[in-house]
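What follows is a single structure, written as C-alpha coordinates, with notes after it.
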(Lines of atoms letter the chains of each structure in order from A and count residues from 1; the text may use other names and numbers.)
(Lines give C-alpha, C1' and ligand atoms only; values in the text may rest on other atoms or scores of the structure.)
Protein backbone atom coordinates (compact mmCIF):
# COMPACT_ATOMS: atom_id res chain seq x y z
CA UNK A 1 0.00 0.00 0.00
CA UNK A 2 1.29 3.42 -0.95
CA UNK A 3 -0.26 6.78 -0.17
CA UNK A 4 -1.09 9.06 -3.11
CA UNK A 5 1.54 11.68 -3.93
CA UNK A 6 -0.79 14.53 -2.99
CA UNK A 7 -1.00 13.12 0.54
CA UNK A 8 2.65 12.61 1.40
CA UNK A 9 3.66 16.29 1.39
CA UNK A 10 0.72 17.71 3.36
CA UNK A 11 0.89 17.21 7.17
CA UNK A 12 -2.89 17.34 7.65
CA UNK A 13 -3.49 14.97 4.73
CA UNK A 14 -0.87 12.60 6.14
CA UNK A 15 -2.66 12.39 9.50
CA UNK A 16 -6.01 11.90 7.78
CA UNK A 17 -4.48 9.08 5.73
CA UNK A 18 -3.04 7.42 8.83
CA UNK A 19 -6.32 7.78 10.71
CA UNK A 20 -8.38 6.34 7.85
CA UNK A 21 -6.09 3.34 7.48
CA UNK A 22 -5.69 2.39 11.14
CA UNK A 23 -6.92 -1.18 11.64
CA UNK A 24 -10.41 -1.61 13.00
CA UNK A 25 -10.45 -2.10 16.75
CA UNK A 26 -7.89 -0.86 19.22
CA UNK A 27 -4.46 -2.32 18.51
CA UNK A 28 -3.02 -0.24 21.29
CA UNK A 29 -4.65 -0.94 24.62
CA UNK A 30 -2.90 1.07 27.34
CA UNK A 31 -5.21 4.00 26.67
CA UNK A 32 -8.87 3.26 26.04
CA UNK A 33 -10.51 6.71 26.02
CA UNK A 34 -11.28 8.06 22.56
CA UNK A 35 -9.75 11.49 22.02
CA UNK A 36 -12.26 12.70 19.39
CA UNK A 37 -15.23 11.21 17.49
CA UNK A 38 -13.29 11.46 14.23
CA UNK A 39 -10.15 9.81 15.61
CA UNK A 40 -9.73 6.06 15.36
CA UNK A 41 -6.78 6.24 17.77
CA UNK A 42 -6.67 6.48 21.56
CA UNK A 43 -3.45 8.51 21.40
CA UNK A 44 -2.31 11.64 19.58
CA UNK A 45 -1.59 11.07 15.92
CA UNK A 46 1.43 12.72 14.35
CA UNK A 47 2.00 13.51 10.68
CA UNK A 48 5.63 12.44 11.05
CA UNK A 49 7.62 9.57 12.50
CA UNK A 50 10.00 10.23 15.38
CA UNK A 51 13.14 11.42 13.63
CA UNK A 52 16.53 10.20 14.79
CA UNK A 53 20.01 10.61 13.36
CA UNK A 54 21.72 7.99 11.24
CA UNK A 55 24.21 7.48 14.07
CA UNK A 56 21.37 6.72 16.48
CA UNK A 57 19.80 4.40 13.93
CA UNK A 58 23.04 2.45 13.57
CA UNK A 59 23.33 2.20 17.35
CA UNK A 60 19.80 0.84 17.68
CA UNK A 61 20.31 -1.59 14.82
CA UNK A 62 23.41 -3.06 16.44
CA UNK A 63 22.18 -3.03 20.04
CA UNK A 64 20.16 -6.22 19.68
CA UNK A 65 23.15 -8.54 19.42
CA UNK A 66 24.66 -7.01 22.57
CA UNK A 67 21.44 -7.53 24.51
CA UNK A 68 21.21 -11.09 23.25
CA UNK A 69 24.73 -11.66 24.61
CA UNK A 70 23.55 -10.27 27.95
CA UNK A 71 20.61 -12.70 28.03
CA UNK A 72 22.91 -15.60 27.24
CA UNK A 73 25.29 -14.55 30.00
CA UNK A 74 22.45 -14.24 32.54
CA UNK A 75 21.19 -17.68 31.53
CA UNK A 76 24.65 -19.19 31.97
CA UNK A 77 25.15 -17.36 35.28
CA UNK A 78 21.94 -18.74 36.74
CA UNK A 79 22.71 -22.33 35.75
CA UNK A 80 26.28 -21.98 37.04
CA UNK A 81 24.91 -20.66 40.33
CA UNK A 82 22.62 -23.67 40.63
CA UNK A 83 25.59 -26.00 40.06
CA UNK A 84 27.79 -24.13 42.54
CA UNK A 85 30.42 -22.71 40.20
CA UNK A 86 29.03 -19.19 40.71
CA UNK A 87 27.66 -17.64 43.93
CA UNK A 88 24.59 -19.44 45.25
CA UNK A 89 22.87 -16.16 46.10
CA UNK A 90 22.34 -15.47 42.39
CA UNK A 91 19.92 -18.39 41.97
CA UNK A 92 18.42 -17.61 45.37
CA UNK A 93 17.45 -14.11 44.28
CA UNK A 94 15.75 -15.53 41.19
CA UNK A 95 14.04 -18.58 42.73
CA UNK A 96 12.89 -17.38 46.15
CA UNK A 97 9.11 -17.67 46.31
CA UNK A 98 8.77 -19.19 42.84
CA UNK A 99 6.64 -22.33 42.23
CA UNK A 100 8.71 -25.49 42.37
CA UNK A 101 7.32 -26.65 39.02
CA UNK A 102 8.63 -23.55 37.28
CA UNK A 103 12.02 -23.78 38.94
CA UNK A 104 12.41 -27.43 37.99
CA UNK A 105 11.36 -26.81 34.40
CA UNK A 106 13.72 -23.86 34.01
CA UNK A 107 16.61 -26.17 34.84
CA UNK A 108 15.83 -28.90 32.29
CA UNK A 109 18.92 -29.89 30.37
CA UNK A 110 17.23 -29.90 26.97
CA UNK A 111 16.28 -26.21 27.23
CA UNK A 112 19.37 -25.01 29.08
CA UNK A 113 20.50 -22.78 26.19
CA UNK A 114 17.06 -21.36 25.37
CA UNK A 115 16.64 -17.61 25.75
CA UNK A 116 13.82 -15.26 24.66
CA UNK A 117 13.35 -14.85 20.93
CA UNK A 118 11.98 -11.32 21.24
CA UNK A 119 13.97 -8.66 23.08
CA UNK A 120 12.55 -5.21 23.74
CA UNK A 121 14.43 -2.69 25.87
CA UNK A 122 12.88 0.49 27.20
CA UNK A 123 15.35 3.19 26.16
CA UNK A 124 15.68 6.79 27.30
CA UNK A 125 17.99 9.23 25.57
CA UNK A 126 19.92 11.26 28.14
CA UNK A 127 22.81 13.72 28.02
CA UNK A 128 25.20 10.75 28.15
CA UNK A 129 23.43 8.69 25.48
CA UNK A 130 20.93 5.86 25.54
CA UNK A 131 19.98 4.21 28.85
CA UNK A 132 17.95 0.99 29.11
CA UNK A 133 15.76 1.08 32.20
CA UNK A 134 14.51 -2.49 31.69
CA UNK A 135 14.22 -5.36 29.23
CA UNK A 136 10.98 -7.08 28.27
CA UNK A 137 11.00 -10.57 26.79
CA UNK A 138 7.18 -10.88 26.61
CA UNK A 139 6.47 -7.45 25.16
CA UNK A 140 3.21 -6.04 24.01
CA UNK A 141 3.22 -3.86 20.95
CA UNK A 142 4.40 -6.26 18.24
CA UNK A 143 1.19 -6.02 16.22
CA UNK A 144 0.71 -2.34 17.00
CA UNK A 145 4.26 -1.47 15.96
CA UNK A 146 3.95 -3.57 12.80
CA UNK A 147 0.77 -1.74 11.83
CA UNK A 148 2.15 1.73 12.55
CA UNK A 149 5.44 1.05 10.82
CA UNK A 150 3.64 -0.05 7.67
CA UNK A 151 1.42 3.05 7.68
CA UNK A 152 4.29 5.52 7.94
CA UNK A 153 6.32 3.55 5.41
CA UNK A 154 3.37 3.87 3.01
CA UNK A 155 3.89 7.64 3.24
CA UNK A 156 7.49 7.27 2.08
CA UNK A 157 9.19 7.48 5.49
CA UNK A 158 12.33 5.40 6.05
CA UNK A 159 11.17 3.67 9.23
CA UNK A 160 13.71 1.57 11.07
CA UNK A 161 13.24 -2.11 10.34
CA UNK A 162 11.38 -1.44 7.11
CA UNK A 163 7.73 -1.71 6.17
CA UNK A 164 7.44 -5.42 7.06
CA UNK A 165 10.27 -5.64 9.57
CA UNK A 166 8.10 -6.57 12.55
CA UNK A 167 6.17 -9.29 10.74
CA UNK A 168 9.24 -10.74 9.04
CA UNK A 169 11.09 -10.60 12.35
CA UNK A 170 8.33 -12.50 14.14
CA UNK A 171 8.16 -15.15 11.42
CA UNK A 172 11.94 -15.56 11.48
CA UNK A 173 11.89 -15.84 15.27
CA UNK A 174 9.35 -18.68 15.41
CA UNK A 175 11.20 -20.51 12.61
CA UNK A 176 14.42 -20.18 14.60
CA UNK A 177 12.66 -21.50 17.73
CA UNK A 178 11.27 -24.48 15.82
CA UNK A 179 14.52 -25.20 14.03
CA UNK A 180 12.50 -25.53 10.84
CA UNK A 181 11.14 -23.15 8.21
CA UNK A 182 7.56 -21.90 8.39
CA UNK A 183 6.28 -23.75 11.49
CA UNK A 184 2.61 -23.80 12.41
CA UNK A 185 2.45 -21.33 15.30
CA UNK A 186 -0.11 -20.60 18.00
CA UNK A 187 0.01 -17.22 19.74
CA UNK A 188 -1.61 -18.09 23.07
CA UNK A 189 -3.04 -15.01 24.81
CA UNK A 190 -4.28 -15.31 28.40
CA UNK A 191 -7.08 -13.38 30.06
CA UNK A 192 -4.52 -11.35 32.04
CA UNK A 193 -2.96 -10.31 28.71
CA UNK A 194 -6.34 -9.78 27.07
CA UNK A 195 -5.76 -6.05 26.55
CA UNK A 196 -3.36 -7.06 23.78
CA UNK A 197 -5.66 -9.56 22.05
CA UNK A 198 -6.60 -7.28 19.16
CA UNK A 199 -3.00 -6.60 18.17
CA UNK A 200 -1.94 -10.26 18.48
CA UNK A 201 -4.95 -11.36 16.42
CA UNK A 202 -4.00 -8.69 13.87
CA UNK A 203 -0.42 -10.01 13.82
CA UNK A 204 -1.60 -13.58 13.27
CA UNK A 205 -3.87 -12.48 10.42
CA UNK A 206 -1.06 -10.45 8.84
CA UNK A 207 1.14 -13.56 8.91
CA UNK A 208 -1.63 -15.67 7.34
CA UNK A 209 -2.16 -13.03 4.66
CA UNK A 210 1.48 -13.67 3.71
CA UNK A 211 0.90 -17.42 3.49
CA UNK A 212 2.06 -18.50 6.97
CA UNK A 213 0.01 -20.60 9.39
CA UNK A 214 -0.07 -18.45 12.52
CA UNK A 215 -3.15 -18.41 14.77
CA UNK A 216 -4.01 -16.31 17.82
CA UNK A 217 -5.97 -18.36 20.34
CA UNK A 218 -7.09 -18.23 23.93
CA UNK A 219 -5.65 -20.98 26.18
CA UNK A 220 -8.93 -22.87 26.55
CA UNK A 221 -8.99 -23.48 22.79
CA UNK A 222 -5.75 -25.47 22.90
CA UNK A 223 -6.30 -29.24 22.74
CA UNK A 224 -3.93 -32.16 23.24
CA UNK A 225 -3.65 -35.49 21.48
CA UNK A 226 -0.93 -38.12 21.33
CA UNK A 227 0.49 -36.22 18.35
CA UNK A 228 0.83 -32.95 20.25
CA UNK A 229 -1.06 -29.68 20.62
CA UNK A 230 -3.79 -28.54 18.27
CA UNK A 231 -5.62 -25.23 17.87
CA UNK A 232 -8.53 -24.03 15.73
CA UNK A 233 -7.32 -23.12 12.25
CA UNK A 234 -9.17 -19.86 11.86
CA UNK A 235 -10.39 -16.71 13.58
CA UNK A 236 -11.45 -17.32 17.20
CA UNK A 237 -12.82 -15.14 20.02
CA UNK A 238 -10.44 -13.44 22.41
CA UNK A 239 -9.84 -14.50 26.02
CA UNK A 240 -12.30 -11.92 27.36
CA UNK A 241 -14.98 -12.53 24.73
CA UNK A 242 -18.04 -14.38 26.05
CA UNK A 243 -18.91 -16.21 22.84
CA UNK A 244 -17.72 -19.78 22.32
CA UNK A 245 -15.30 -20.83 19.62
CA UNK A 246 -16.85 -22.09 16.40
CA UNK A 247 -16.74 -25.86 16.79
CA UNK A 248 -16.92 -26.38 13.02
CA UNK A 249 -13.44 -24.91 12.57
CA UNK A 250 -10.85 -27.52 11.67
CA UNK A 251 -7.93 -27.97 14.05
CA UNK A 252 -4.27 -27.98 13.17
CA UNK A 253 -1.24 -29.34 14.99
CA UNK A 254 1.22 -26.66 16.06
CA UNK A 255 5.00 -26.75 16.26
CA UNK A 256 5.50 -23.51 18.21
CA UNK A 257 3.55 -21.91 21.03
CA UNK A 258 4.33 -18.21 21.36
CA UNK A 259 3.59 -17.66 25.04
CA UNK A 260 1.91 -14.30 25.39
CA UNK A 261 1.28 -14.47 29.11
CA UNK A 262 3.38 -13.89 32.19
CA UNK A 263 4.65 -16.82 34.24
CA UNK A 264 3.31 -15.38 37.50
CA UNK A 265 -0.20 -15.91 36.09
CA UNK A 266 0.07 -19.55 35.04
CA UNK A 267 -2.26 -20.79 37.78
CA UNK A 268 -5.01 -18.84 35.99
CA UNK A 269 -4.14 -20.02 32.47
CA UNK A 270 -6.38 -22.89 31.26
CA UNK A 271 -4.63 -25.85 29.63
CA UNK A 272 -1.25 -24.64 30.92
CA UNK A 273 -0.38 -28.12 32.19
CA UNK A 274 -1.13 -29.59 28.75
CA UNK A 275 1.17 -27.09 27.07
CA UNK A 276 3.94 -27.83 29.56
CA UNK A 277 3.45 -31.59 29.16
CA UNK A 278 3.62 -31.33 25.36
CA UNK A 279 6.83 -29.31 25.65
CA UNK A 280 8.36 -31.88 28.01
CA UNK A 281 7.49 -34.61 25.52
CA UNK A 282 9.12 -32.48 22.79
CA UNK A 283 5.87 -32.27 20.85
CA UNK A 284 6.01 -28.48 20.76
CA UNK A 285 8.43 -25.62 21.42
CA UNK A 286 7.32 -22.89 23.81
CA UNK A 287 8.86 -19.46 23.40
CA UNK A 288 9.72 -17.39 25.36
CA UNK A 289 11.19 -20.29 27.35
CA UNK A 290 9.79 -21.21 30.77
CA UNK A 291 12.49 -19.37 32.68
CA UNK A 292 11.17 -16.80 35.11
CA UNK A 293 14.70 -15.67 35.96
CA UNK A 294 15.06 -14.24 32.45
CA UNK A 295 12.03 -12.03 33.07
CA UNK A 296 13.36 -10.26 36.18
CA UNK A 297 14.56 -6.66 36.22
CA UNK A 298 17.07 -7.56 38.93
CA UNK A 299 19.34 -8.91 36.20
CA UNK A 300 20.51 -5.31 35.82
CA UNK A 301 21.76 -5.29 39.42
CA UNK A 302 23.91 -8.33 38.68
CA UNK A 303 25.65 -6.55 35.81
CA UNK A 304 27.09 -3.98 38.24
CA UNK A 305 27.71 -6.26 41.24
CA UNK A 306 31.45 -6.17 42.12
CA UNK A 307 31.46 -9.85 43.11
CA UNK A 308 30.48 -10.79 39.54
CA UNK A 309 32.86 -8.49 37.65
CA UNK A 310 35.22 -11.33 36.77
CA UNK A 311 32.33 -13.45 35.51
CA UNK A 312 31.07 -10.75 33.14
CA UNK A 313 34.51 -10.02 31.74
CA UNK A 314 35.07 -13.71 31.04
CA UNK A 315 31.60 -14.47 29.65
CA UNK A 316 31.33 -11.52 27.25
CA UNK A 317 33.91 -10.05 24.91
CA UNK A 318 35.41 -6.83 26.19
CA UNK A 319 33.70 -4.53 23.63
CA UNK A 320 30.28 -6.12 24.22
CA UNK A 321 30.71 -6.01 27.99
CA UNK A 322 31.62 -2.33 27.92
CA UNK A 323 28.70 -1.43 25.66
CA UNK A 324 26.18 -3.38 27.75
CA UNK A 325 27.53 -1.98 31.01
CA UNK A 326 27.27 1.53 29.59
CA UNK A 327 23.62 1.19 28.62
CA UNK A 328 22.44 -0.62 31.77
CA UNK A 329 22.14 1.82 34.68
CA UNK A 330 23.32 1.07 38.18
CA UNK A 331 20.63 -1.01 39.86
CA UNK A 332 20.27 -2.40 43.37
CA UNK A 333 18.10 -5.19 44.79
CA UNK A 334 16.12 -4.01 47.82
CA UNK A 335 17.16 -6.78 50.18
CA UNK A 336 15.99 -6.25 53.80
CA UNK A 337 18.50 -8.66 55.34
CA UNK A 338 21.07 -7.04 57.67
CA UNK A 339 24.71 -6.53 56.70
CA UNK A 340 27.68 -7.06 59.03
CA UNK A 341 28.58 -3.83 60.89
CA UNK A 342 31.69 -3.28 58.78
CA UNK A 343 29.91 -3.70 55.41
CA UNK A 344 28.21 -1.17 53.13
CA UNK A 345 25.98 -1.50 50.08
CA UNK A 346 28.26 -1.42 47.01
CA UNK A 347 28.02 1.66 44.85
CA UNK A 348 25.17 3.44 46.60
CA UNK A 349 25.52 6.69 48.53
CA UNK A 350 23.16 9.44 49.62
CA UNK A 351 23.95 12.62 51.49
CA UNK A 352 27.58 11.85 50.71
CA UNK A 353 27.57 8.73 52.88
CA UNK A 354 27.36 4.99 52.12
CA UNK A 355 24.35 2.91 53.13
CA UNK A 356 24.35 -0.10 55.44
CA UNK A 357 20.61 -0.75 55.25
CA UNK A 358 17.89 0.03 52.74
CA UNK A 359 15.78 1.30 55.63
CA UNK A 360 17.91 4.42 55.41
CA UNK A 361 16.07 5.29 52.19
CA UNK A 362 13.00 6.19 54.21
CA UNK A 363 14.65 9.20 55.84
CA UNK A 364 15.93 10.82 52.64
CA UNK A 365 14.78 14.34 51.86
CA UNK A 366 13.08 15.13 48.56
CA UNK A 367 16.21 16.40 46.80
CA UNK A 368 17.98 13.12 47.61
CA UNK A 369 15.04 11.00 46.46
CA UNK A 370 15.69 11.19 42.71
CA UNK A 371 15.25 7.45 42.81
CA UNK A 372 12.90 4.88 41.29
CA UNK A 373 11.56 1.77 43.04
CA UNK A 374 9.82 -0.92 41.00
CA UNK A 375 9.01 -4.64 41.26
CA UNK A 376 11.58 -6.88 39.62
CA UNK A 377 9.13 -9.35 38.14
CA UNK A 378 6.75 -12.27 38.69
CA UNK A 379 3.95 -10.02 39.86
CA UNK A 380 0.96 -8.26 38.33
CA UNK A 381 2.49 -4.89 39.25
CA UNK A 382 5.79 -5.63 37.48
CA UNK A 383 4.75 -4.80 33.92
CA UNK A 384 4.02 -1.42 32.44
CA UNK A 385 4.23 1.39 34.97
CA UNK A 386 1.89 -0.20 37.51
CA UNK A 387 4.36 -0.64 40.35
CA UNK A 388 6.78 2.22 39.60
CA UNK A 389 7.37 4.71 42.42
CA UNK A 390 9.36 7.90 41.76
CA UNK A 391 10.89 9.18 44.98
CA UNK A 392 11.01 12.93 44.38
CA UNK A 393 7.46 12.87 43.01
CA UNK A 394 6.00 11.39 46.20
CA UNK A 395 5.24 12.98 49.58
CA UNK A 396 7.54 11.77 52.34
CA UNK A 397 4.94 9.46 53.84
CA UNK A 398 4.13 7.77 50.52
CA UNK A 399 7.85 7.32 49.81
CA UNK A 400 8.34 5.65 53.20
CA UNK A 401 5.37 3.38 52.53
CA UNK A 402 6.71 2.45 49.08
CA UNK A 403 10.14 1.50 50.43
CA UNK A 404 8.63 -0.35 53.38
CA UNK A 405 6.28 -2.32 51.11
CA UNK A 406 9.12 -3.24 48.74
CA UNK A 407 11.26 -4.55 51.59
CA UNK A 408 8.36 -6.40 53.22
CA UNK A 409 7.52 -8.23 49.97
CA UNK A 410 11.09 -9.47 49.44
CA UNK A 411 10.40 -13.20 49.88
CA UNK A 412 7.67 -13.16 47.22
CA UNK A 413 8.53 -10.23 44.94
CA UNK A 414 11.93 -8.62 44.81
CA UNK A 415 12.06 -4.91 44.06
CA UNK A 416 14.87 -2.89 42.54
CA UNK A 417 16.17 0.63 42.99
CA UNK A 418 17.51 2.83 40.20
CA UNK A 419 18.43 6.48 39.93
CA UNK A 420 15.89 8.63 38.13
CA UNK A 421 16.97 9.27 34.55
CA UNK A 422 16.60 12.79 33.15
CA UNK A 423 15.42 12.30 29.60
CA UNK A 424 16.24 14.83 26.89
CA UNK A 425 13.40 16.89 25.52
CA UNK A 426 11.72 15.98 22.27
CA UNK A 427 9.53 18.23 20.15
CA UNK A 428 6.89 16.45 18.09
CA UNK A 429 3.98 17.54 15.91
CA UNK A 430 0.50 16.19 16.56
CA UNK A 431 -2.89 16.66 14.96
CA UNK A 432 -5.65 18.36 16.94
CA UNK A 433 -8.96 16.97 15.71
CA UNK A 434 -10.84 19.78 17.47
CA UNK A 435 -9.20 22.55 15.43
CA UNK A 436 -8.16 20.57 12.37
CA UNK A 437 -4.60 21.83 12.69
CA UNK A 438 -1.16 20.41 13.42
CA UNK A 439 0.34 21.56 16.72
CA UNK A 440 3.65 20.88 18.43
CA UNK A 441 4.27 19.34 21.83
CA UNK A 442 7.37 19.48 24.00
CA UNK A 443 7.80 16.17 25.72
CA UNK A 444 10.05 13.31 26.70
CA UNK A 445 10.38 10.12 24.73
CA UNK A 446 10.81 6.44 25.39
CA UNK A 447 12.14 4.39 22.48
CA UNK A 448 11.28 0.70 22.30
CA UNK A 449 13.17 -1.27 19.63
CA UNK A 450 12.00 -4.81 18.90
CA UNK A 451 14.70 -7.40 18.23
CA UNK A 452 13.97 -10.88 16.91
CA UNK A 453 16.25 -13.90 17.08
CA UNK A 454 16.24 -15.46 13.65
CA UNK A 455 18.30 -17.56 11.31
CA UNK A 456 20.49 -20.58 11.87
CA UNK A 457 23.32 -18.43 13.25
CA UNK A 458 21.18 -17.36 16.20
CA UNK A 459 21.64 -13.68 15.40
CA UNK A 460 19.09 -10.92 15.86
CA UNK A 461 17.36 -8.50 13.53
CA UNK A 462 15.73 -5.17 14.27
CA UNK A 463 12.04 -5.32 13.43
CA UNK A 464 11.16 -1.73 14.25
CA UNK A 465 11.39 1.01 16.86
CA UNK A 466 8.45 2.80 18.46
CA UNK A 467 8.63 6.16 20.20
CA UNK A 468 6.22 7.13 22.96
CA UNK A 469 6.36 10.86 23.69
CA UNK A 470 4.50 12.23 26.72
CA UNK A 471 4.01 15.88 27.75
CA UNK A 472 6.97 17.45 29.48
CA UNK A 473 5.26 17.53 32.90
CA UNK A 474 4.80 13.75 33.05
CA UNK A 475 7.35 11.79 35.10
CA UNK A 476 6.34 8.33 33.83
CA UNK A 477 6.66 7.69 30.11
CA UNK A 478 4.05 5.25 28.85
CA UNK A 479 1.10 5.12 26.50
CA UNK A 480 -1.71 7.55 27.35
CA UNK A 481 -4.28 9.66 25.55
CA UNK A 482 -1.94 12.66 25.70
CA UNK A 483 0.99 10.73 24.23
CA UNK A 484 2.26 10.81 20.67
CA UNK A 485 3.09 7.27 19.52
CA UNK A 486 4.96 6.83 16.25
CA UNK A 487 7.62 4.63 14.65
CA UNK A 488 11.18 5.91 14.48
CA UNK A 489 12.75 6.86 11.17
CA UNK A 490 16.09 8.15 9.96
CA UNK A 491 15.93 11.91 9.51
CA UNK A 492 15.69 13.26 5.98
CA UNK A 493 17.70 16.40 6.75
CA UNK A 494 19.48 18.05 9.65
CA UNK A 495 16.42 19.97 10.84
CA UNK A 496 14.38 16.77 11.18
CA UNK A 497 16.10 15.61 14.37
CA UNK A 498 13.33 15.33 16.97
CA UNK A 499 15.50 15.17 20.10
CA UNK A 500 16.68 18.47 21.56
CA UNK A 501 18.74 19.52 24.54
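Numbering (the numbering used here), first residue to last: 49 to 549.
For each residue, glycine too, the CB sits at the ideal point set by N, CA and C.
Keep in mind that this is a model prediction, so the values were computed, not measured.
Sequence-distant residues of the same chain with beta carbon closer than 6 Å to residue i, five excluded per side
{"i": "residue 211", "result": "198, 201"}
{"i": "residue 181", "result": "170"}
{"i": "residue 314", "result": "320"}
{"i": "residue 217", "result": "500, 509, 511"}
{"i": "residue 116", "result": "508"}
{"i": "residue 339", "result": "154"}
{"i": "residue 183", "result": "169"}
{"i": "residue 480", "result": "487"}
Residue of the options minimising C-alpha distance to residue i
{"i": "residue 450", "options": "221, 164, 411, 314", "result": "411"}
{"i": "residue 118", "options": "239, 457, 342", "result": "342"}
{"i": "residue 350", "options": "535, 208, 379", "result": "379"}
{"i": "residue 265", "options": "274, 222, 309", "result": "309"}
{"i": "residue 471", "options": "401, 275, 149, 175", "result": "175"}
{"i": "residue 105", "options": "524, 525, 512", "result": "512"}
{"i": "residue 156", "options": "468, 538, 337", "result": "337"}
{"i": "residue 172", "options": "469, 217, 476, 480", "result": "469"}
{"i": "residue 294", "options": "311, 269, 274, 114", "result": "269"}
{"i": "residue 394", "options": "386, 403, 302", "result": "403"}
{"i": "residue 225", "options": "482, 370, 442, 162", "result": "162"}
{"i": "residue 166", "options": "275, 220, 300", "result": "220"}
{"i": "residue 483", "options": "72, 69, 86", "result": "86"}
{"i": "residue 244", "options": "234, 288, 205", "result": "288"}
{"i": "residue 263", "options": "235, 274, 242, 158", "result": "235"}
{"i": "residue 575", "options": "523, 453, 426, 228", "result": "Because the chain here runs from 49 to 549, residue 575 falls outside it and cannot be looked at."}
{"i": "residue 273", "options": "299, 440, 240, 248", "result": "299"}
{"i": "residue 307", "options": "65, 164, 158", "result": "164"}
N- and C-terminal bounds of the beta strand (DSSP E) containing residue i
{"i": "residue 101", "result": "Per DSSP, residue 101 belongs to no beta strand (DSSP E) and is neither H nor E."}
{"i": "residue 170", "result": "166-174"}
{"i": "residue 422", "result": "419-423"}
{"i": "residue 410", "result": "Here residue 410 belongs to no beta strand (DSSP E), and DSSP marks it neither H nor E."}
{"i": "residue 225", "result": "It is not in any beta strand (DSSP E) - residue 225 instead sits in the alpha helix (DSSP H) that spans 213-226."}
{"i": "residue 280", "result": "276-280"}
{"i": "residue 49", "result": "Here residue 49 belongs to no beta strand (DSSP E), and DSSP marks it neither H nor E."}
{"i": "residue 6", "result": "Residue 6 cannot be examined here, being either before or after the span of the chain that is shown, 49 to 549."}
{"i": "residue 271", "result": "271-273"}
{"i": "residue 480", "result": "473-480"}
{"i": "residue 513", "result": "508-519"}
{"i": "residue 307", "result": "304-308"}
7 Å CB neighbourhood of residue i in its chain, flanking five on each side removed
{"i": "residue 144", "result": "459"}
{"i": "residue 134", "result": "125, 128, 359"}
{"i": "residue 139", "result": "126, 129, 130"}
{"i": "residue 374", "result": "none"}
{"i": "residue 256", "result": "262"}
{"i": "residue 442", "result": "450"}
Start and end residues, alpha helix (DSSP H) containing residue i
{"i": "residue 495", "result": "No alpha helix (DSSP H) contains residue 495, which is instead part of the beta strand (DSSP E) from 485-501."}
{"i": "residue 328", "result": "320-328"}
{"i": "residue 149", "result": "148-154"}
{"i": "residue 537", "result": "Looking at the DSSP string, residue 537 is not in any alpha helix (DSSP H); the run it does join, the beta strand (DSSP E), is 532-538."}
{"i": "residue 141", "result": "136-143"}
{"i": "residue 351", "result": "347-351"}
{"i": "residue 359", "result": "357-363"}
Other residues of its chain near residue i: CB distance less than 8 Å, five sequence neighbours each side excluded
{"i": "residue 424", "result": "344, 345, 346, 381, 430, 461, 462, 463, 464"}
{"i": "residue 109", "result": "208, 510"}
{"i": "residue 62", "result": "51, 55, 56, 95, 96, 203"}
{"i": "residue 187", "result": "166, 168, 496, 498"}
{"i": "residue 102", "result": "538, 539"}
{"i": "residue 70", "result": "88, 89, 195, 199"}
{"i": "residue 291", "result": "285"}
Neighbour flag for residue i against chain C, beta carbons, 7 Å
{"i": "residue 340", "result": "Here there is only one protein chain, and chain C is not present."}
Query raised in the report: Can at least three beta-carbon pairs, one atom from the region 95-107 and one from the region 323-330, be found at a separation below 8 Å?
Result: no
Query raised in the report: Counting Cβ pairs closer than 8 Å, one from the region 328-345 and one from the region 282-289, do we hit at least three?
Result: no
Requested in this report: Pair every Cβ in the region 516-535 with every Cβ in the region 478-492, then say whether three or more of these pairs are closer than 8 Å.
Outcome: yes
Query - contact_flag[the region 244-255, the region 529-537] where n(CB pairs < 8 Å) is 3 or more - result: no
Report task. Could you name each continuous beta strand (DSSP E) segment of 3 residues or more that falls completely within the region 429-469, going from the start of the chain to the end? Result -> 463-467
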